[in-house]
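As you go down the protein sequences, you meet chains A and B in turn.
full-length UniProt numbering numbers the first residue of the first sequence as 1 and each following residue consecutively.
full-length UniProt numbering numbers the first residue of the second sequence as 1 and each following residue consecutively.
Every residue, glycine too, gets a C-beta built ideally from N, C-alpha and C.
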Amino acid sequence: MSAIQTVVKEKQKLSLDKDVQEESIISAKGLNLWYGNDQALKNINLEIPEKQVTAIIGPSGCGKSTFLKTVNRMVELVPIVKINGNIDYHGVNIFDSKVNLVELRSSVGMVFQKPNPFPKSIFDNIAFGPRVHGIKKKAELTKIVEKSLRASGLWDEVKDRLGESALGLSGGQQQRLCIARCLAVEPEVILMDEPTSALDPKSTLKVEELIQELKEKYSIIIVTHNMQQAARISDKTAFFLNGEVVEFDNTDKIFSNPTDKRTEDYITGRFG
Amino acid sequence: MSLQHAEKEVNQEVEDLKIVNKETLTQKSFKSNTLDFLIEKMFFVFGSIAIFVLLLILFFLIREGSGAIREVGIMEFLTGTRWYPSSPQGAGYGALPFILGSLMVTTGALVIAIPWGIFTAIFIAEIAPRRVREILKPAVEVLAIFPSVVLGFIALVILSPIVANVFGLSNGLTALTASVILSVMALPTIISISEDSIKSVPKDYREAAYALGATRWETIKTITVPAAKSGIVAGVMLGFGRAVGETMTVLMAAGNAINMPITEFLGVTLPNFLTSVRTLTANIAIEGSDVPWGSLHYSSLFVIALILFVITFIVNLIADLLISRQRRKLTNE
Numbered sequence: 001m002s003a004i005q006t007v008v009k010e011k012q013k014l015s016l017d018k019d020v021q022e023e024s025i026i027s028a029k030g031l032n033l034w035y036g037n038d039q040a041l042k043n044i045n046l047e048i049p050e051k052q053v054t055a056i057i058g059p060s061g062c063g064k065s066t067f068l069k070t071v072n073r074m075v076e077l078v079p080i081v082k083i084n085g086n087i088d089y090h091g092v093n094i095f096d097s098k099v100n101l102v103e104l105r106s107s108v109g110m111v112f113q114k115p116n117p118f119p120k121s122i123f124d125n126i127a128f129g130p131r132v133h134g135i136k137k138k139a140e141l142t143k144i145v146e147k148s149l150r151a152s153g154l155w156d157e158v159k160d161r162l163g164e165s166a167l168g169l170s171g172g173q174q175q176r177l178c179i180a181r182c183l184a185v186e187p188e189v190i191l192m193d194e195p196t197s198a199l200d201p202k203s204t205l206k207v208e209e210l211i212q213e214l215k216e217k218y219s220i221i222i223v224t225h226n227m228q229q230a231a232r233i234s235d236k237t238a239f240f241l242n243g244e245v246v247e248f249d250n251t252d253k254i255f256s257n258p259t260d261k262r263t264e265d266y267i268t269g270r271f272g
Numbered sequence: 001m002s003l004q005h006a007e008k009e010v011n012q013e014v015e016d017l018k019i020v021n022k023e024t025l026t027q028k029s030f031k032s033n034t035l036d037f038l039i040e041k042m043f044f045v046f047g048s049i050a051i052f053v054l055l056l057i058l059f060f061l062i063r064e065g066s067g068a069i070r071e072v073g074i075m076e077f078l079t080g081t082r083w084y085p086s087s088p089q090g091a092g093y094g095a096l097p098f099i100l101g102s103l104m105v106t107t108g109a110l111v112i113a114i115p116w117g118i119f120t121a122i123f124i125a126e127i128a129p130r131r132v133r134e135i136l137k138p139a140v141e142v143l144a145i146f147p148s149v150v151l152g153f154i155a156l157v158i159l160s161p162i163v164a165n166v167f168g169l170s171n172g173l174t175a176l177t178a179s180v181i182l183s184v185m186a187l188p189t190i191i192s193i194s195e196d197s198i199k200s201v202p203k204d205y206r207e208a209a210y211a212l213g214a215t216r217w218e219t220i221k222t223i224t225v226p227a228a229k230s231g232i233v234a235g236v237m238l239g240f241g242r243a244v245g246e247t248m249t250v251l252m253a254a255g256n257a258i259n260m261p262i263t264e265f266l267g268v269t270l271p272n273f274l275t276s277v278r279t280l281t282a283n284i285a286i287e288g289s290d291v292p293w294g295s296l297h298y299s300s301l302f303v304i305a306l307i308l309f310v311i312t313f314i315v316n317l318i319a320d321l322l323i324s325r326q327r328r329k330l331t332n333e
């Protein structure tokens with residue numbers, strides 16, 4: 001082996017190491033979760049990198065959506081949930097009794113599987129979050145609404161009908177509206193629970209492009225059933241199976257050269 | 001040769017099959033078409049009968065009341081304050097005291113029942129733990145099947161002395177007493193329909209609101225209740241219908257004196273809830289049994305029924321308009 005080759009190898013190794021050590025914004029440590037007596041998450045350890053897209057893939061019922069809903073503590077709406085372990089966000093465990101849920105959920109936003117705009121006008125949909133957080137002035141709200149709609153690429157399509165019901169938009173527009181609504185509260189992290197599974201291919205493409213743009217400013221965790229989607233848009237991928245993280249690595253690595261046999265079986269379509 | 005033969009046979013079979021299929025196809029379609037036709041007609045007939053009966057009642061009211069309207073004039077009924085239909089000299093046919101009585105008692109009942117009912121509905125649908133809900137919901141429904149005479153009796157012997165004591169009146173049978181007891185009667189309708197419509201608000205809306213950092217109260221106030229508004233309005237309107245049409249309870253609770261239930265306060269005319277009133281329904285019940293058949297008095301009672309009908313009709317019309325406007329706003333159609 002020539003000297004140059006050795007140097008290149010070393011460099012690659014170093015950059016790999018650097019990748020592993022990059023800033024993480026959310027880190028789950030030994031996270032366990034039960035619905036009643038059924039354990040849905042088993043000892044989850046994940047470091048979610050800042051300003052990147054992290055995809056979570058896995059078959060139905062593997063706990064990927066549960067994990068996502070745990071990050072903003074929405075999972076606690078299910079009355080029988082029990083959780084132990086930590087999720088650290090800015091070094092604070094989100095399960096700490098001192099954590100303010102309103103604050104947590106305004107910095108960790110969420111986009112749902114089915115577009116769920118409120119039965120209100122487009123304007124009021126976007127303004128809902130800011131209003132909840134105490135912004136009352138119309139001028140300020142107008143500014144936020146425009147900014148959020150521009151960021152989600154919806155502004156040109158709806159600017160002339162902000163007063164109309166959001167339910168009159170198409171499915172794809174509704175989902176981008178939901179993303180805009182989420183951006184309006186200025187989150188740091190955006191959780192997306194299969195955001196394109198109810199959309200047609202064209203709208204899916206638009207949302208995927210939007211996700212690519214958003215990662216400049218936001219850290220995104222996306223749960224998806226669609227492995228091509230994960231490969232297309234994510235930087236890191238976690239493969240969940242039966243409530244455990246089987247493998248978590250750079251997306252390229254997961255899809256080209258997975259370490260675990262089960263990951264390989266899943267991504268090559270042998271099950272799931 | 002044999003191959004050709006076989007082919008022919010197969011073709012024949014295919015033809016047969018086609019014919020069979022055609023036959024069963026037409027048979028089936030004939031059968032289901034006839035059934036469809038009959039069922040459709042059946043619905044049409046039932047629907048028509050309902051409308052026909054309604055029109056018949058209206059026709060009957062107008063026919064029987066037209067005599068009095070022609071003789072006395074509708075304005076006398078609507079604006080007159082004197083009701084002496086059987087007095088030989090100086091007969092008066094003013095139904096305004098009854099109209100005011102009905103409106104006051106009903107409005108009073110709704111003022112109490114709307115906030116009470118809606119908050120109870122929200123509590124049952126959104127806040128109460130399952131145990132409490134399982135007790136509360138049937139309890140509310142039992143309230144609905146209480147005979148009105150029982151509630152009237154409660155008003156008579158329990159509520160009216162309390163009202164008399166609190167306000168220092170000699171007689172506790174007042175518009176206020178009737179309002180309170182009527183509110184209890186309107187309550188189950190309002191609660192049960194509002195609760196159903198709050199429950200049917202998709203859980204997606206709530207999740208979205210929570211995920212944006214809204215608290216439970218903010219979610220109820222700004223998302224759930226507005227989304228359920230049309231159902232709540234419908235519940236309130238049905239509650240109104242229940243209250244305005246109720247006879248026995250008000251008959252026992254309101255005192256039934258024929259007077260203008262108003263008072264002057266600082267030069268302004270205000271409704272007086274602390275006086276005895278007679279409602280439209282109560283007047284028909286009191287006088288209807290011993291009125292001479294076919295007399296002017298008899299006819300004027302039908303005019304009162306007609307007024308009652310028009311009031312309910314208008315309120316229901318407004319409710320319908322409100323509900324459909326709300327629906328249009330929601331779906332953007």
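Next item on the list: Could you please give the first and the last residue of the uninterrupted alpha helix (DSSP H) stretch that includes residue 273(A)?
Entry: The structure shown does not extend to residue 273(A), since chain A is modelled only from 1 to 272, so the question has no answer here.
Item checked: According to DSSP, residues forming a beta bridge with Glu-244(A) -> By 1-based counting over the first sequence, the position of residue 244(A) is 244. Looking at the DSSP output, Glu-244(A) bridges to Leu-241(A).
Margin query: Please classify Trp-293(B) as buried or exposed, where buried requires at least 16 neighbouring CB atoms within 10 angstroms.
Written below: Along the second sequence, one-based indexing puts residue 293(B) at 293. Taking all protein chains in view, the Cβ of Trp-293(B) is surrounded by fewer than 16 other Cβ atoms within 10 Å, so the residue is classified as exposed.
Check: By Cβ distance, which residues of its chain are closer than 7 angstroms to Thr-279(B), with the 5 residues on each side in sequence left out?
Finding: Sequence index remark: in the second sequence, residue 279(B) carries index 279 (1-based). Phe-98, Gly-101, Ser-102, Val-105, Val-250 and Ala-254, listed in sequence order.
Next item on the list: Could you check the C-alpha separation between Asp-19(A) and Ser-27(A) for me, to the nearest Å?
Entry: One-based indexing of the first sequence puts residue 19(A) at position 19. One-based indexing of the first sequence puts residue 27(A) at position 27. Confidence is the limiting factor: at Asp-19(A) the pLDDT is only 48, short of 50, which leaves the residue's position unreliable, though a coordinate-based value still follows. Roughly 15 angstroms between the two C-alpha positions.
Next item on the list: Look at the Cβ atom of Cys-62(A), then the Cβ atom of Phe-240(A), and state whether they are nearer than 9 angstroms.
Entry: As a working mapping, residue 62(A) is identified with position 62 in the first sequence. As a working mapping, residue 240(A) is identified with position 240 in the first sequence. Yes, the pair counts as a contact, with Cβ atoms nearer than the cut-off.
Item checked: For Val-189(A), the residue or residues it bridges with in DSSP -> Along the first sequence, one-based indexing puts residue 189(A) at 189. The partner list for Val-189(A) (beta bridge, DSSP) reads Val-108(A) and Ser-219(A).
Notebook entry, point to check: Mind checking whether Thr-312(B) and Gly-245(B) have CB atoms under 9 angstroms apart?
Noted result: As a first step, residue 312(B) is located in the second sequence; it is residue number 312 there, counting from the start. As a first step, residue 245(B) is located in the second sequence; it is residue number 245 there, counting from the start. Their beta carbons are under 9 angstroms apart, which means Thr-312(B) touches Gly-245(B) by this criterion.
Checklist line | Run of the beta strand (DSSP E) containing Pro-49(A), from where it starts to where it stops | finding: As a first step, residue 49(A) is located in the first sequence; it is residue number 49 there, counting from the start. Per DSSP, Pro-49(A) belongs to the beta strand (DSSP E) from 38-49.
Note to self: Are the CB atoms of Ala-113(B) and Val-163(B) within a distance shorter than 9 angstroms?
What the structure shows: Counting from 1 along the second sequence, the entry for residue 163(B) is found at position 163. Counting from 1 along the second sequence, the entry for residue 113(B) is found at position 113. Against a cut-off of 9 angstroms, the Cβ pair of Ala-113(B) and Val-163(B) comes out as no contact.
Next item on the list: On a CA-only basis, which of Leu-177(A), Ile-56(A) and Ile-144(A) is nearest Pro-248(A)? Give me that one, please.
Entry: For the purposes of this step, residue 248(A) is identified with residue 248 of the first sequence, where counting begins at 1. It should be noted that the sequence gives Phe, not Pro, for residue 248(A). If we check each option's Cα against that of Phe-248(A), Ile-56(A) comes out closest.
Notebook entry, point to check: Taking 9 angstroms as the CB-CB cut-off, is Gly-92(B) touching chain A?
Noted result: By one-based count along the second sequence, residue 92(B) stands at place 92. Interface with chain A (9 angstroms Cβ-Cβ cutoff): Gly-92(B) is excluded.
Item checked: Spatial neighbours of Gly-171(A) in its chain, beta-carbon cut-off 8 angstroms, leaving aside the 5 residues before and after -> Stepping through the first sequence from its first residue, residue 171(A) is reached at position 171. For Gly-171(A), where only same-chain residues beyond five positions count, the Cβ hits under 8 angstroms are Pro-115, Ala-198, Leu-199, Asp-200 and Ser-203.
Next item on the list: Identify each residue in the region 200-219 of chain B for which the Cβ-Cβ distance to at least one residue of chain A is less than 8 angstroms, and report them in chain order.
Entry: Among the residues of the region 200-219 of chain B, those with a Cβ less than 8 angstroms away from any Cβ of chain A are Pro-202, Asp-204, Tyr-205, Glu-207, Ala-208, Ala-209, Tyr-210, Ala-211, Leu-212, Gly-213, Ala-214, Thr-215 and Glu-218, in the order of the chain.
Checklist line | Nearest to Glu-188(A) (by Cα), restricted to the options Ile-221(A), Ser-65(A) and Val-245(A) | finding: For this step, residue 188(A) is matched to residue 188 along the first sequence. Restricting attention to Ile-221(A), Ser-65(A) and Val-245(A), the CA atom closest to the CA of Glu-188(A) is found in Ile-221(A).
Next item on the list: May I ask you to report which of helix, strand or coil DSSP gives Thr-275(B)?
Entry: Working through the second sequence from its first residue, we reach residue 275(B) at position 275. Here DSSP, grouped into helix, strand and coil, assigns Thr-275(B) to coil.
Checklist line | Any C-beta of chain C under 9 angstroms from that of Ile-311(B) | finding: Checking the listed chains, one finds no chain C in this structure; the protein chains it contains are A and B.
Next item on the list: Tell me, please, which residues DSSP counts as bridged to Asp-156(A).
Entry: The count along the first sequence starts at 1 and reaches residue 156(A) at position 156. DSSP lists no partner for Asp-156(A).
Check: How would you call Lys-229(B), buried or exposed, if buried means at least 16 neighbouring beta carbons within 10 angstroms?
Finding: The residue labelled residue 229(B) in the question sits at position 229 within the second sequence. Lys-229(B) should be labelled buried.
Next item on the list: Have a look at Leu-55(B), Pro-138(B), Ser-148(B) and Asp-204(B) and flag the residue whose alpha-carbon is nearest the alpha-carbon of Leu-182(B).
Entry: Counting from one through the second sequence, the residue named residue 182(B) turns up at place 182. Per the Cα distances, Ser-148(B).
Item checked: Residue-chain proximity (Ser-106(A), chain B), Cβ-Cβ < 9 angstroms -> Here residue 106(A) refers to the residue found at position 106 of the first sequence. Proximity of Ser-106(A) to chain B, defined by a Cβ-Cβ separation below 9 angstroms, is satisfied.
Check: Beta carbon of Asn-250(A), beta carbon of Lys-261(A): below 9 angstroms?
Finding: The residue given as residue 250(A) occupies position 250 in the first sequence. The residue given as residue 261(A) occupies position 261 in the first sequence. Their beta carbons are not under 9 angstroms apart, which means Asn-250(A) does not touch Lys-261(A) by this criterion.
Notebook entry, point to check: Is it true that the region 80-94 of chain B meets the region 261-277 of chain B, where meeting means three or more beta-carbon pairs spaced less than 8 angstroms apart?
Noted result: With the cut-off at 8 angstroms, the region 80-94 of chain B and the region 261-277 of chain B do not touch.
Check: Listed from N- to C-terminal order along the chain, which residues in the region 243-259 of chain B have their beta-carbon within a distance smaller than 9 angstroms of any beta-carbon of chain A?
Finding: The residues in question: there are none.
Notebook entry, point to check: With a CB to CB cut of under 7 angstroms and the five nearest residues on each side skipped, what residues in its chain are close to Ile-220(B)?
Noted result: For the purposes of this step, residue 220(B) is identified with residue 220 of the second sequence, where counting begins at 1. Excluding its 5 nearest sequence neighbours in each direction, Ile-220(B) has C-beta neighbours in its own chain below 7 angstroms: Ile-122 and Glu-126, listed in chain order.
Notebook entry, point to check: Using the beta-carbon of each residue, which ones in chain A are nearer than 9 angstroms to Ile-223(B)?
Noted result: One-based indexing of the second sequence puts residue 223(B) at position 223. In chain order: Phe-118, Pro-119, Lys-120 and Phe-128.
Next item on the list: Leaving out five residues on either side along the sequence, give the residues of the same chain with a beta carbon under 6 angstroms from the beta carbon of Ser-300(B).
Entry: For the purposes of this step, residue 300(B) is taken as the residue at position 300 of the second sequence. Listed in chain order, the non-local C-beta contacts of Ser-300(B) below 6 angstroms within the same chain comprise Ala-68, Pro-85 and Tyr-93, local neighbours out to five positions each way being set aside.
Check: Unbroken beta strand (DSSP E) runs of length 3 or more, entirely within the region 54-140 of chain A: which are they?
Finding: Taken in chain order, the complete beta strand (DSSP E) segments of 3 or more residues contained in the region 54-140 of chain A are 81-89 and 108-111.
Check: If we cut at 9 angstroms on Cβ distances, does Leu-101(A) have a partner in chain B?
Finding: Working through the first sequence from its first residue, we reach residue 101(A) at position 101. Yes, its Cβ sits closer than 9 angstroms to a Cβ of chain B.
Notebook entry, point to check: Any beta-carbon of chain A closer than 9 angstroms to the one on Ala-227(B)?
Noted result: Reading the second sequence from its first residue, position 227 is the one you call residue 227(B). At least one C-beta of chain A is nearer than 9 angstroms to the C-beta of Ala-227(B).
Check: Mind pulling the chain B residues with CB within less than 8 angstroms of Asn-72(A)?
Finding: Here the question's residue 72(A) lines up with position 72 in the first sequence. Residues of chain B passing the Cβ test: Ala-211.
Next item on the list: Quick one: give me the first and last residue of the alpha helix (DSSP H) that residue 338(B) is part of.
Entry: Here chain B comprises residues numbered 1 to 333, so residue 338(B) is not present and cannot be evaluated.
Next item on the list: Check the C-beta distance from Thr-177(B) over to Ser-160(B) and give it rounded, since I have them as a contact under 8 angstroms.
Entry: As a working note, residue 177(B) is residue 177 in the second sequence. As a working note, residue 160(B) is residue 160 in the second sequence. Contact holds; Cβ gap of about 5 angstroms.
Item checked: Under 9 angstroms from the C-beta of Val-189(A): neighbouring residues of chain B -> Translated into positions along the first sequence, residue 189(A) becomes position 189. Per Cβ cutoff of 9 angstroms: no residues; Val-189(A) is ~12 angstroms from chain B at best.
Checklist line | Proximity of Asn-45(A) and Val-245(A) at Cβ, strictly below 9 angstroms | finding: Taking the first sequence and counting its residues from 1, the one referred to as residue 45(A) is at position 45. Taking the first sequence and counting its residues from 1, the one referred to as residue 245(A) is at position 245. Val-245(A) sits close to Asn-45(A), with the two beta carbons spaced by under 9 angstroms.
Note to self: For Ser-295(B) and Ala-257(B), I'd like the C-alpha separation in whole angstroms.
What the structure shows: Here residue 295(B) refers to the residue found at position 295 when the second sequence is read from its first residue. Here residue 257(B) refers to the residue found at position 257 when the second sequence is read from its first residue. Each residue's alpha carbon lies about 23 angstroms from the other.
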